[in-house]
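> Heads up: the sequence shown begins at 2 in the working numbering, then just goes up one per residue.
Glycine included, each C-beta is placed from N, C-alpha and C at the ideal position.
My questions will all concern the structure given below.
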Amino acid sequence: MSDIKTRPGRAAIPAPELDALTFCDGGPIDKQVYNTIRRAMISGAIQPGARVSSRSIAASLGVSTMPVREALKRLESDGSLESSMKSAYFVPRPSAAEYAEILEIRLKLEVLLARAAVPQIKVEDIDKIAWLQERIVQSKNWRQVLNYNQQMHFSLYAAANMPYVLALVENVWVRSGPVLHMIYESHLGTSTLDSHYAIIEGLRRRDADRVAAAIEADLSDAGNVIIDLLETVQPRGPGPGTPDDP
């Protein structure tokens, strides 16, 4: 990672863990940066209240600050990030009521995708989901667990071949992903294991009802824990510290 230069008296904001850009894919750099930050939010790599600096991200990705600033402005216009006069961009923490709404949307859309995926998902994709579940069980790093969890869900949903619904789910995960760490930091992440194994068993049996019920249980169990935890914390707002730039 490049050294981050800051103005005197200013503390540098560390960059979140981001996927490397693939420049050979072509397309505008700001769009690639935008998608990279979104993926980090979806996978839970950026937590609520975390301040996001264009300078730090640019240094991490090896690009200039201009495309990063454009990406951050776009994320702000999406409602995924917020900013204030005295801080960098930050990930807003939803209130309990807001997360309850997010959970309701996820239940409707993700159960729909799961049901649609069951009759057409390939055996190799089921094997991949089972492999990801074993990585979840074996990993001691909650960031890795969240990443594997996200890959597991979206490997299932992609098999539904419903791109418009999948895009809606991705947008909702941008809002829900950053708070998923609350489950694992509270040592409650193992409650999802039974649901995950039920998903895999249902897929192997081509049992859409079982898969749908397991997805609903998985989302509801985790979501209700998060809602309870959000009742005890202050919504929105950046974390403490002095940013180096917006």
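Under 9 Å, do Ile122 and Val180 count as touching if we go by C-beta distance?
no
> Inspect the beta-carbon positions of Val170 and Leu110 and report whether they are closer than 9 Å.
yes
> Please return the same chain residues whose Cβ sits closer than 8 Å to the Cβ of Val185, not counting the five positions on each side in sequence.
Per the sequence shown, residue 185 should be read as Tyr rather than Val. Closer than 8 Å at the Cβ level, and outside the excluded window around Tyr185, lie Trp143, Val146, Leu147.
> Quick one: what's Val53 bridged to in DSSP?
Tyr90
> Where Asp126 and Phe91 are concerned, what is the direct C-alpha to C-alpha distance, given to the nearest angstrom?
35 Å
> Starting from Arg144, trace the alpha helix (DSSP H) both ways and give me its first and last residue.
143-159
> Inspect the beta-carbon positions of Gly178 and Arg107 and report whether they are closer than 9 Å.
no
> Whether or not the region 151-159 and the region 71-89 are in contact is what I'm after, with contact meaning three or more pairs of Cβ atoms, one per stretch, closer than 8 Å; do they touch?
no
> What does a CB cutoff of less than 8 Å around Glu102 pick up in its chain, not counting 5 residues either side in sequence?
none
> To the nearest angstrom, how far is the alpha carbon of Ala59 from that of Val234?
31 Å
> Closest by CA to Arg39, which one among Pro68, Leu82, Ala131, Ser65?
Proximity to Arg39 across Pro68, Leu82, Ala131, Ser65 peaks at Leu82, based on C-alpha coordinates.
> Are Ile137 and Leu194 touching if we call contact CB-CB under 9 Å?
A contact, by the Cβ cut-off of 9 Å.
> Within a Cβ cutoff of 8 Å, which residues of the same chain sit near Ala131, ignoring the five residues on either side of it in sequence?
Ile201
> Kindly indicate the opening and closing residues of the alpha helix (DSSP H) around Asp208.
Unbroken run through Asp208: none, as it is neither H nor E.
> Using DSSP with H/G/I as helix, E/B as strand and the rest coil, what is Ile106?
helix
> Alpha carbons only, please: which of Pro29, Ile47, Ile30, Met163 is nearest the one belonging to Val175?
Ile47
> In terms of alpha-carbon separation, which member of Lys32, Pro49, Leu104 lies closest to His182?
Closest by alpha carbon: Pro49.
> In the DSSP assignment, the alpha helix (DSSP H) including Asn172 goes from what residue to what residue?
In the DSSP assignment, Asn172 falls within the alpha helix (DSSP H) that extends over 164-177.
> Given this structure, state the Cα-to-Cα distance separating Ser65 from Pro29, to the nearest angstrom.
13 Å
> Please classify Met67 as buried or exposed, where buried requires at least 16 neighbouring CB atoms within 10 angstroms.
exposed
> Taking the alpha helix (DSSP H) that Lys32 belongs to, which residues open and close that run?
30-43
> Determine the direct distance from the alpha carbon of Arg94 to that of Arg70, and round the result to whole angstroms.
Straight-line Cα distance between these residues: approximately 21 Å.
> Could you check where the alpha helix (DSSP H) with Ile122 kicks off and where it finishes?
It is not in any alpha helix (DSSP H) - Ile122 carries neither H nor E in the DSSP assignment.
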